[in-house]
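*Asks:* To get my numbering, take the position in the sequence shown, counting from 1, and add 11. Quick one: the structure is below, questions incoming.
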Amino acid sequence: MTRLSPTLGPLTPRQRWRRARLQAYSWLLTGAYRLGATHPAVWRFVARTYHPVLDRVAARHARLACQFAAVDVPAYRHFLRGHGAEHARTLDAFPETTKQNYAGVYDEASRCQEGRLHRPGVIVDESSGSSGKPYNWVRGPRELKGIYRNAAGYIELVFPGKKLFVINAYSMGAWATGTTTGAAMARIAMVKNTGPDLEKIADTLEHFGPGYDYVIAAYPPFLKHLRDRLDEAGFPWRDYRIRGMVGGEGMTEALRDYLEERFEEVRSGYGASDLTIGMGAESGFSVWLRKRLATDERLRDQLLGPGEQRLPMIFHYNPLETFLEVNADGELLCTINTKTCLQPKLRYNVGDEARLHTLAEVRRALGAEYEGAWTDERMNLPLLFLFGRKDSTISYMGANLYPQDVEYGLYQGNPYAAAINRFCLSLEEQPGLEYRPVVNIELRELREGSALDRDELAAICREGVVAHLARVSRDFAESLREDPTAADLRVSIHDPGQGPFAGLTKMKNVYLLRDA
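Right, dumping it as structure tokens:
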């Protein structure tokens with residue numbers, strides 16, 4: 012499909028004057044933000060002293076970003092005209108942009124400032140293609156410097172250490188996370204970009220020894236593979252200080268607990284290739300809050316809404332740089348405020364479902380518990396409660412089954428957890444046109460001579476998943492009471508690379524098989 016390539020064209024005197032005014036104001040605000048990130052120590056100070064009054068400044072800047080793009084970005088001008096919004100004056104009057112109605116309709120150059128793409132220092136990233144088709148995303152040098160500063164400031168805040176050594180295990184191809192992580196971490200740490208190579212990482216840890224403060228950056232499932240690989244080799248975990256920084260997909264507390272049996276701590280970041288890297292990040296407080304939500308129905312009702320049974324990931328975010336909103340459908344909208352963004356992202360809907368709360372709102376909900384939960388990071392930034400992609404479910408017996416809930420059931424208290432490489436969900440048609448959900452499990456490569464009782468593994472996994480779903484999903488629990496056969500979840504065990512896992516090479520797992 013040929014994408015549209017509108018040009019900026021000549022501006023009227025009024026448009027030129029408006030463009031100059033908006034540009035000056037936007038650069039002024041962007042310059043103030045950049046001063047706040049010139050050094051990791053300054054970045055930490057800003058994160059710890061952020062005041063809610065700045066939310067209004069951030070909202071105003073988001074509106075200015077849209078207004079400026081309306082006269083400076085050819086694709087956005089054309090897009091607004093098509094929606095009758097070229098004269099919009101309030102932020103909510105600007106229509107949402109998505110991959111389908113904007114990024115997939117207009118070419119890369121027309122979505123850039125001034126319609127100009129080719130500049131020295133521009134980096135082209137590629138999304139993973141988990142949504143069906145890989146897309147190209149471009150970032151300019153000034154934009155990348157800001158990303159590097161933010162990532163470095165966060166790492167020094169959450170993972171302090173005198174001899175930081177980052178092992179970057181993200182994919183090293185055209186994917187944004189891998190290359191950007193390596194460049195960002197080099198500002199504050201010694202870095203080795205191993206990519207997702209278990210043997211290289213094991214060799215690196217052995218070669219350099221325990222005298223460093225290691226941080227391993229990877230997708231959550233890969234960090235599990237690393238733990239299992241090092242356990243098999245008898246790695247001396249107690250001699251080392253190793254922490255984990257994960258991103259790219261969600262992580263359950265069951266997986267975090269499993270990893271933290273070996274890693275000192277594991278923290279997650281939130282970003283999207285469509286938008287930017289490092290939009291949000293966990294702290295010790297946000298992890299504590301998530302665990303508290305899992306056990307406190309009153310708190311869950313206050314922060315997530317009455318009857319909400321899902322457990323979101325929780326991240327701090329900086330509205331001055333990434334202004335977030337939630338639309339009427341509960342979907343997250345993001346506007347990148349900084350003028351350094353080569354391809355402006357304006358009220359962009361990536362498809363994630365979320366809630367937003369200021370720290371003051373969370374504090375009121377917690378009451379006296381708040382002071383006891385505060386951690387060393389002391390981040391004062393607002394909080395993003397992220398459920399993930401809105402369509403990432405399988406419906407069964409009136410209940411929605413989420414991959415994260417299945418993951419809890421697979422790993423919590425499972426003596427065979429180390430044998431699991433990955434899993435995915437599908438629906439399988441039974442005789443009589445009845446459907447049953449199937450948890451497909453791929454085994455890890457086992458050592459020669461290792462024995463594994465597959466029937467026992469399947470039984471333990473089935474019991475764990477059903478028990479967890481019954482605890483967290485009222486709909487599923489009600490289905491069990493009304494019809495005990497609802498517990499007949501199928502567990503299918505597959506050898507490495509077999510069954511639904513044949514030919515899968517993506518580092519990010521595929522959790523749902525829609526066409527099974």
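We treat Cβ as the ideally placed atom computed from N, Cα and C, and that holds for glycine. Since this is a predicted model, take the numbers as computed values, not measurements.
For L310, collect the residues of the same chain with a Cβ closer than 8 Å to its Cβ; drop the 5 residues on either side in sequence, then sort them by chain order.
*Replies:* For L310, where only same-chain residues beyond five positions count, the Cβ hits under 8 Å are R303, L304, A376, L377.
*Asks:* Going by DSSP, what residues sit across from F398 in a beta bridge?
*Replies:* F398 is not bridged to any residue.
*Asks:* Among D285, V449, G424, E453, which residue has its Cα nearest to the Cα of A430?
*Replies:* Taking only the C-alpha atoms, the option nearest A430 is E453.
*Asks:* Can you say whether H72 is buried or exposed, counting buried as having 16 or more other CB atoms within 10 angstroms of its CB?
*Replies:* By the 10 Å Cβ count, H72 comes out buried.
*Asks:* Near P24, what residues of its chain come up, given a Cβ to Cβ distance below 6 Å and the 5 sequence neighbours on each side ignored?
*Replies:* Correct list: empty, nothing qualifies.
*Asks:* How many Å lie between I227 and H98 at the Cα?
*Replies:* Spanning the two alpha carbons is a distance of roughly 48 Å.
*Asks:* Using 10 angstroms around the beta-carbon of H327, count the other beta-carbons present and answer buried if the total reaches 16, otherwise exposed.
*Replies:* Counting Cβ neighbours within 10 Å, H327 comes out buried, since at least 16 surround it.
*Asks:* Compute the Euclidean distance between the alpha carbons of K174 and M201, then round it to the nearest angstrom.
*Replies:* Approximately 8 Å between the Cα atoms of the pair.
*Asks:* On the DSSP bridge assignment, give the partners of R254 in chain order.
*Replies:* The partner list for R254 (beta bridge, DSSP) reads V226.
*Asks:* Does DSSP put G291 in a helix, in a strand, or in coil?
*Replies:* G291 falls in the strand class under three-state DSSP.
*Asks:* Contact defined as beta carbons within less than 8 Å: I believe K110 pairs with D340. What is the distance between those atoms, to the nearest angstrom?
*Replies:* So it is not a contact: roughly 16 Å between Cβ atoms.
*Asks:* Short of 6 Å in beta carbon distance, which residues of its chain neighbour C472, apart from the five on each side in sequence? Order them along the chain.
*Replies:* Once the five neighbours on either side are set aside, the close Cβ partners of C472 are L421, V502.
*Asks:* Mind checking whether V417 and V449 have CB atoms under 8 Å apart?
*Replies:* Against a cut-off of 8 Å, the Cβ pair of V449 and V417 comes out as no contact.
*Asks:* Which of helix, strand or coil does DSSP assign to T369?
*Replies:* T369: coil per DSSP, three-state reduction.
*Asks:* Figure out for me which residue from R278, E264, V149 has the closest Cα to the Cα of G132.
*Replies:* Minimum Cα distance to G132 is reached at V149.
*Asks:* Which partner residues of G510 appear in the DSSP bridge assignment?
*Replies:* According to DSSP, G510 bridges with nothing at all.
*Asks:* Does the Cβ of D506 have 16 or more other Cβ atoms within 10 Å, making it buried, or fewer, making it exposed?
*Replies:* Flag for D506 reads exposed.
*Asks:* How far does the beta strand (DSSP E) with K235 in it reach, from first residue to last?
*Replies:* Per DSSP, K235 belongs to no beta strand (DSSP E); it is in the alpha helix (DSSP H), 231 to 243.
*Asks:* With distances taken between CB atoms, is the gap from I212 to T205 smaller than 8 Å?
*Replies:* Yes, the pair counts as a contact, with Cβ atoms nearer than the cut-off.
*Asks:* For T215, report the span of its alpha helix (DSSP H) as first-last.
*Replies:* Its alpha helix (DSSP H) spans residues 209 to 219.
*Asks:* DSSP state of G9, grouped into three classes?
*Replies:* A query on residue 9 cannot be resolved here, the shown segment of the chain reaching from 12 to 527 and no further.
*Asks:* Looking only at its chain, what residues have a beta carbon closer than 6 Å to the beta carbon of G282, apart from the 5 residues adjacent to it on each side?
*Replies:* Excluding sequence neighbours, G282 sits near I288, G289, M290.
*Asks:* With distances taken from CA atoms, which of V257, E271, G261, E167 is nearest D224?
*Replies:* Considering only alpha carbons, the answer is E167.
*Asks:* Rounded to whole angstroms, what is the Cα-Cα separation between W54 and T369?
*Replies:* Going by the C-alpha atoms only, they are around 19 Å apart.
*Asks:* If we ignore side chains and look at the alpha-carbon of each, how far apart do E388 and P495 end up?
*Replies:* So the alpha carbons of these two residues sit roughly 47 Å apart.
*Asks:* Which whole-angstrom value describes the C-beta separation of R358 and C123, a residue pair presumed to lie in contact below a C-beta threshold of 8 Å?
*Replies:* So it is not a contact: roughly 18 Å between Cβ atoms.
*Asks:* Rounded to whole angstroms, what is the Cα-Cα separation between R160 and R14?
*Replies:* Distance between the alpha carbons of R160 and R14 is about 34 Å.
*Asks:* State yes or no: is the C-beta of A229 within less than 8 Å of the C-beta of P207?
*Replies:* Result yes, Cβ atoms of A229 and P207 sit closer than 8 Å.
*Asks:* In three-state terms, what does DSSP make of L438?
*Replies:* The answer is strand: DSSP assigns L438 an E or B state.
*Asks:* Tell whether a beta-carbon distance below 8 Å holds between V477 and A462.
*Replies:* Taking 8 Å as the Cβ cut-off, V477 and A462 do not qualify as a contacting pair.
*Asks:* Which runs of the beta strand (DSSP E) fall wholly inside the region 150 to 200 and span at least 3 residues, in chain order?
*Replies:* Within the region 150 to 200, the complete beta strand (DSSP E) runs of at least 3 residues are 175 to 179.
*Asks:* Alpha carbon to alpha carbon, how far is R465 from Y427?
*Replies:* Approximately 10 Å between the Cα atoms of the pair.
*Asks:* Please report the straight-line C-alpha distance between T346 and P414, rounded to a whole angstrom.
*Replies:* So the alpha carbons of these two residues sit roughly 28 Å apart.
*Asks:* Is E439 near R433, with beta carbons less than 8 Å apart?
*Replies:* In this structure, R433 does not lie closer than 8 Å to E439 by Cβ.
*Asks:* Can you grab the Cα-Cα spacing for the pair L19 / V84, in whole Å?
*Replies:* Each residue's Cα considered, the two are about 7 Å apart.
*Asks:* In terms of residue numbering, what span does the alpha helix (DSSP H) encompassing G20 cover?
*Replies:* Unbroken run through G20: none, as it is neither H nor E.
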